[in-house]
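Below is one structure, written out as structure tokens; comments come after it.
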Amino acid sequence: MGVADWVSHRARITPNKDALVDRHGRLTYAELEREMQNVGTALQDLGVRPQDRVAVLMMNRMEFVVVLMACAYIGAIFVPINYRLNPDEVQFIVDDAQPELLVYEGEFEPTLAAMQPQAMKVINVDRSDHEWGSYRWMVNHEPAGQSTVLGTDVAALLYTSGTTGRPKGVMLTHDMFLWNAIEFVTDWDIMASDCSLVVNPIFHAVLNILTTPMLYKGGTVILQDKFDPEVALDWMEKERVTCMFAIPTNWLALIQSPTFLRRDLSALRFAAGGGAPVPMSVLEFFDEHGIPFREAFGLTETAPAVSTMPAGQSIRKRGSIGKPFMHMRTRIVDAQGHDVGVDEVGELIVSGPNVFHGYWNRPKASAEAIKEGWFYTGDLAREDSDGYIFIIDRKKDLIISGGENIASVELEQVLYKHPDVLEVAVIAVPDERWGEVPLAAVVKKPMATVDESGLLEYCRSQLAHFKAPRRVVFMEQLPKTATGKIQKNVLRDEFWRDQGRQVH
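In the UniProt record's numbering, the protein residues as written are 1 to 504.
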């Protein structure tokens with residue numbers, strides 16, 4: 001069974017029920033199935049074959065999901081690209097994935113124009129004509145037969161930052177999508193009558209939290225392209241939203257809205273968060289108003305379900321990432337792969353039906369990450385006597401700011417190219433709004449004159465703005481081990497002292 005079969009099943013059972021809604025309109029399950037089939041056939045006519053890649057560069061909108069399902073329908077591999085990346089960063093992903101075709105939103109025309117010429121075909125979803133190669137032309141195609149798709153076939157490549165700072169394509173199969181949906185439907189009690197509002201970008205693992213699981217169950221998904229708290233509250237009130245996942249930054253903006261308590265949000269069954277530590281103020285707010293708040297910990301490599309907090313336990317077990325989802329297994333092991341004891345620190349490793357089998361074109365990295373069926377997450381953790389897992393540190397030095405992954409090594413590589421920088425270490429520091437943000441600790445070369453604003457501007461000119469450090473501190477020397485390795489844990493201690501949790 002492939003992901004496209006979910007849509008076809010729901011089109012048979014509840015054809016007239018809304019599947020997708022955005023600011024441009026809505027699609028019922030019957031309409032979604034028809035567009036999925038038509039666009040899938042058009043992709044075939046454009047030369048896309050099973051396991052060819054189809055990239056998208058779009059904000060949250062119905063066409064994003066239609067292309068995902070169309071790829072699943074014909075057995076192609078869906079490759080969503082972070083639209084916040086600069087042209088060079090998009091170029092790297094395109095060069096790595098080698099898509100046959102890219103479907104993009106008109107707003108990102110400048111990004112494509114700044115890239116090197118590509119052999120791939122491009123489709124602008126905002127073209128209003130019905131000529132060959134337009135999105136309207138694709139939608140108006142007559143459907144052909146569905147391709148044979150196996151559960152073990154790769155359905156999508158989701159790119160994630162790693163310790164090298166270079167994105168790696170995580171291969172997610174149709175079976176992984178299925179089992180991840182089952183995890184959320186089971187542990188979060190998602191129902192066909194539910195309506196979810198999606199405010200965070202679905203070009204990464206957020207796609208598989210309350211979007212694809214909701215479609216699997218037969219619920220309704222509302223896609224907000226750009227987060228605005230008042231617009232989100234309008235959607236919640238008008239569409240009777242029953243569940244919503246958002247990063248803590250968004251929840252803070254929502255509950256701080258002067259109109260929040262005046263809104264009719266009585267349909268909301270639960271709120272959910274992740275991607276960064278959820279502030280106690282958010283947890284207490286929902287607790288006071290009797291709305292269950294669910295937290296989840298996930299990774300791109302697990303599609304993303306790893307663990308979730310049982311309802312009502314977030315305050316009592318503050319700082320925990322909860323317990324494994326129903327079909328997931330977790331262990332905490334030492335350097336030799338042996339299980340550690342209660343409250344002892346080791347590396348978190350996970351196993352389950354939604355754990356990936358490898359990185360795209362990265363056999364060495366895949367072999368290092370997956371050993372005897374267990375994915376080594378690179379996160380240091382402990383498990384208490386009640387079975388709750390606490391993340392202590394991140395071996396990968398990956399920074400999660402506002403739900404976006406930022407590789408510290410990538411920032412360091414950029415800063416090392418500056419003529420005034422002798423040494424640098426980038427760490428995550430706490431931030432009330434974004435959860436955590438990058439800070440660069442820099443040792444300047446003798447006679448260097450660069451200041452903090454100069455380095456910040458330099459980074460913004462080299463990287464997507466969300467990746468740039470928010471602060472730069474200058475030091476005489478960086479703390480190091482006897483072997484000369486920089487001790488980032490020592491740097492972090494000053495900033496994370498007295499925090500409920502270091503990383504999420």
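Ideal placement from N, C-alpha and C gives every residue a C-beta, glycine not left out.
Between the segment 195-203 and the segment 338-352, the count of Cβ pairs shorter than 8 Å is below three; the stretches do not touch.
Secondary structure at glutamate 347: strand, using DSSP grouped into helix, strand and coil.
Sequence-distant partners of proline 353 (beyond 5 residues in either direction) whose C-beta falls short of 7 Å from its own C-beta, in its chain, are Asp175, Trp179, His327.
In the three-state scheme derived from DSSP, where H, G and I count as helix and E and B as strand, aspartate 379 is classed as strand. In the structure shown, the three-state DSSP call for proline 479 is coil. Looking at the DSSP output, serine 307 sits in a beta bridge with Phe297, Pro324. Apart from the 5 residues on each side of it in sequence, lysine 480 sits with its Cβ closer than 8 Å to the Cβ of Ile486, Gln487 in its chain, given in chain order.
Classified as buried, tryptophan 360 has 16 or more neighbouring CB atoms from the shown chains inside 10 Å of its CB.
Membership of glutamate 33 in the alpha helix (DSSP H) is indicated by the continuous run 29-45. Taking a C-beta distance under 8 Å as the contact criterion, glutamate 100 and valine 48 qualify as a contact pair.
Of the residues Ile321, Val409, Asp420, Glu404, the one whose Cα lies closest to the Cα of arginine 382 is Ile321.
In this structure, the CA atom of alanine 113 is about 28 Å from the CA atom of glycine 402. Counting along the chain, arginine 10 sits inside the alpha helix (DSSP H) bounded by residues 3-13.
Assigned with DSSP and collapsed to three states, methionine 69 falls in helix. Ranked by Cα distance from histidine 465, the options Leu46, Leu478, Leu456 are led by Leu456. A distance of 8 Å or more separates the beta carbons of methionine 36 and methionine 58.
Ranked by Cα distance from arginine 34, the first of Gly145, Leu439, Arg294, Asn405 is Gly145. Per DSSP, the continuous alpha helix (DSSP H) segment holding arginine 492 begins and ends at 488-496. When only Cα atoms are considered, tyrosine 376 and threonine 449 end up about 43 Å apart. Sorting Val437, Val442, Ile399 by C-alpha distance to the C-alpha of tyrosine 416 places Val442 at the top.
In the structure shown, the three-state DSSP call for leucine 85 is coil. Comparing alpha-carbon positions, the option among Ala267, Thr249, Ala311, Ile255 lying closest to glycine 274 turns out to be Thr249.
Three or more beta-carbon pairs separated by less than 8 Å link the segment 216-235 to the segment 16-29, which places the two stretches in contact. The C-alpha of alanine 181 lies about 33 Å from the C-alpha of threonine 111.
Excluding the 5 residues flanking it on each side, glutamine 462 has same chain C-beta neighbours closer than 7 Å at Val414, in chain order.
Spanning the alpha carbons of valine 90 and glutamate 432 requires a straight line of approximately 30 Å. With a threshold of 16 other beta carbon atoms within 10 Å, alanine 119 falls short and is exposed. At a Cβ-Cβ threshold of 8 Å, serine 314 and leucine 265 do not count as neighbours.
For isoleucine 190, no beta strand (DSSP E) encloses it, and the DSSP letter there is neither H nor E. Secondary structure of arginine 61 (DSSP, three-state): coil.
Per DSSP, the unbroken alpha helix (DSSP H) holding methionine 214 starts and ends at 212-217. The criterion of a C-beta distance shorter than 8 Å is satisfied by valine 56 and valine 103. Setting aside the 5 residues that flank it on each side, valine 473 is surrounded in the same chain by Ala441, each with a C-beta closer than 6 Å to its C-beta; the list follows chain order. When secondary structure is reduced to three states using DSSP, leucine 268 falls in the coil class, being assigned neither helix nor strand.
Look at isoleucine 202 here: in three-state DSSP terms it is coil, with no helix or strand label.
For a cut-off of 8 Å, the C-beta gap from glycine 378 to isoleucine 370 is around 12 Å, too long to register as a contact.
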